[in-house]
Amino acid sequence: METKTFAIGGDMTVRRLGFGSMRLAGPGVWGPPHDRKAALETLRRVPELGINLIDTADSYGPDVTEPLIREALFPYAAGLHIATKAGLRRAGPDQWQPHGDPDYLIAQAHRSRELLKVDRIDLWQLHRIDPAVPAGEQFAAIRQLLDTGVIRHAGLSEVGVTQIRAAQRIFPVATVQNRYNLADRASEDVLDHCEANGIGFIPWFPLAAGRLTQSGSVLDRIAQAHGATSGQIAIAWLLRRSPVILPIPGTSKAAHLAENAAASDIPLSDLEFEQLDQAGRSAT
Numbered sequence: 059m060e061t062k063t064f065a066i067g068g069d070m071t072v073r074r075l076g077f078g079s080m081r082l083a084g085p086g087v088w089g090p091p092h093d094r095k096a097a098l099e100t101l102r103r104v105p106e107l108g109i110n111l112i113d114t115a116d117s118y119g120p121d122v123t124e125p126l127i128r129e130a131l132f133p134y135a136a137g138l139h140i141a142t143k144a145g146l147r148r149a150g151p152d153q154w155q156p157h158g159d160p161d162y163l164i165a166q167a168h169r170s171r172e173l174l175k176v177d178r179i180d181l182w183q184l185h186r187i188d189p190a191v192p193a194g195e196q197f198a199a200i201r202q203l204l205d206t207g208v209i210r211h212a213g214l215s216e217v218g219v220t221q222i223r224a225a226q227r228i229f230p231v232a233t234v235q236n237r238y239n240l241a242d243r244a245s246e247d248v249l250d251h252c253e254a255n256g257i258g259f260i261p262w263f264p265l266a267a268g269r270l271t272q273s274g275s276v277l278d279r280i281a282q283a284h285g286a287t288s289g290q291i292a293i294a295w296l297l298r299r300s301p302v303i304l305p306i307p308g309t310s311k312a313a314h315l316a317e318n319a320a321a322s323d324i325p326l327s328d329l330e331f332e333q334l335d336q337a338g339r340s341a342t
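This is the structure in structure tokens:
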């Protein structure tokens with residue numbers, strides 16, 4: 059039977075379907091939301107729908123989504139966990155530049171803690187490993203954040219198995235956040251490593267399915283059979299794919315949030331899962 063929850067770091071239990079806040083920022087993940095009222099309404103619906111993991115980052119906006127989360131949800135309900143990230147600087151819309159200076163990473167974690175108004179960040183993730191800075195120095199900064207109690211758990215984003223293993227020698231890697239979805243399976247080896255090591259795997263861009271969404275496709279036929287959208291089936295497939303997968307579909311609309319949340323209750327048969335799996339592999 060498919061499990062509905064996962065314990066990040068072995069002790070922080072979350073519902074496996076979370077919420078990603080990136081789309082709350084303006085176009086190009088830059089500036090304030092197009093509709094601030096709708097963004098706040100969406101965030102307030104998150105705990106009402108039983109979702110208790112919210113993913114954000116200092117670079118979303120930048121400094122837009124973290125304050126929005128605080129405004130909408132503080133004081134936070136018991137059991138609501140917020141994951142944030144640092145390691146990318148912004149110069150404008152759709153521009154992302156790795157910045158892994160250890161002092162910067164530590165300062166940004168402290169700033170996120172202030173913007174979110176929390177005593178300790180439940181999950182802090184290195185948004186990218188900066189190739190211009192020795193990875194060991196970046197990992198040591200994360201170790202320091204853990205040791206000083208600024209963060210509870212730590213993770214990585216857009217990494218390979220070799221990088222995860224290098225980080226694991228310095229701090230416990232609780233999560234890995236890589237691009238992964240039904241039609242993008244480049245991180246299969248990373249997912250396998252995460253599953254073998256009890257590491258939460260957070261797939262970003264979880265709803266992308268490309269031509270699989272076309273009328274008459276396997277995805278379309280299965281969606282129709284369940285009275286669901288193709289996006290809901292894509293989420294249901296992710297949840298079935300591995301017990302360590304923690305999808306975080308994002309939206310700026312409360313109705314779409316509720317639609318995504320309902321995907322966790324769609325029971326895919328073994329045959330449907332295999333058909334989707336094969337179709338996705340063929341599309342990569």
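The numbering of the sequence shown is my numbering, which starts it at 59 and goes up by one.
Note that CB positions come from ideal geometry on N, CA and C, so glycine has one too.
Small disclaimer: the values here were computed from a predicted structure and weren't measured.
Would you kindly check if the distance between the Cβ of residue j and the Cβ of residue i is under 8 Å?
| i | j | result |
| --- | --- | --- |
| valine 231 | valine 248 | no |
| leucine 101 | alanine 321 | no |
| leucine 265 | alanine 244 | no |
| glycine 145 | arginine 201 | no |
| alanine 281 | glutamine 272 | no |
| leucine 181 | glycine 213 | yes |
| leucine 326 | arginine 299 | no |
| alanine 198 | isoleucine 228 | yes |
| glycine 207 | isoleucine 66 | no |
| arginine 73 | isoleucine 109 | yes |
| alanine 97 | serine 310 | yes |
| alanine 190 | alanine 224 | no |
| glutamate 211 | methionine 80 | Looking at the sequence shown, residue 211 is not glutamate but histidine. No, they are not a contact pair. |
May I ask which residues mark the beginning and end of the alpha helix (DSSP H) holding residue i?
| i | result |
| --- | --- |
| valine 104 | 94-106 |
| arginine 298 | 288-299 |
| isoleucine 257 | Here isoleucine 257 belongs to no alpha helix (DSSP H), and DSSP marks it neither H nor E. |
| isoleucine 280 | 276-284 |
| threonine 123 | 123-131 |
| valine 217 | No alpha helix (DSSP H) holds valine 217; DSSP gives it neither H nor E. |
| asparagine 236 | Premise fails: asparagine 236 lies in the beta strand (DSSP E), 231-237, not in any alpha helix (DSSP H). |
| isoleucine 200 | 193-205 |
Could you name the residues of the same chain whose beta carbon sits closer than 8 Å to that of residue i, not counting the 5 residues immediately before and after it, in chain order?
| i | result |
| --- | --- |
| proline 105 | Leu131, Ala135, Leu138 |
| leucine 107 | Leu315, Ala316, Ala319 |
| valine 122 | Leu82, Ala83, Gly84, Gly89, Pro90, Pro91 |
What do you get for residue i, buried or exposed, if any count of 16 or more other CB atoms within 10 angstroms of its CB means buried?
| i | result |
| --- | --- |
| glutamate 330 | buried |
| proline 133 | exposed |
| histidine 92 | exposed |
| glutamate 195 | exposed |
| serine 340 | exposed |
| aspartate 113 | buried |
| alanine 313 | exposed |
| proline 307 | buried |
| alanine 286 | buried |
| glycine 150 | exposed |
| arginine 94 | exposed |
Could you name the residues of the same chain whose beta carbon sits closer than 6 Å to that of residue i, not counting the 5 residues immediately before and after it, in chain order?
| i | result |
| --- | --- |
| proline 301 | Thr61 |
| aspartate 116 | Ala144, Gln166, Ser170 |
| glutamine 333 | Val276 |
| alanine 294 | Ala321, Ile324, Leu326 |
| proline 125 | Leu173 |
| glycine 338 | Leu240, Ala241 |
Within its chain, find whatever has a CB closer than 7 Å to the CB of residue i; leave out the 5 residues flanking it on each side and keep chain order.
| i | result |
| --- | --- |
| isoleucine 209 | Ala167, Arg178, Ile179, Trp182, Leu203 |
Could you tell me the boundaries of the beta strand (DSSP E) in which residue i lies?
| i | result |
| --- | --- |
| isoleucine 140 | 139-144 |
| alanine 65 | 63-66 |
| aspartate 113 | 111-113 |
| isoleucine 179 | 179-184 |
| arginine 81 | Neither: arginine 81 is in no beta strand (DSSP E) and is coded neither H nor E. |
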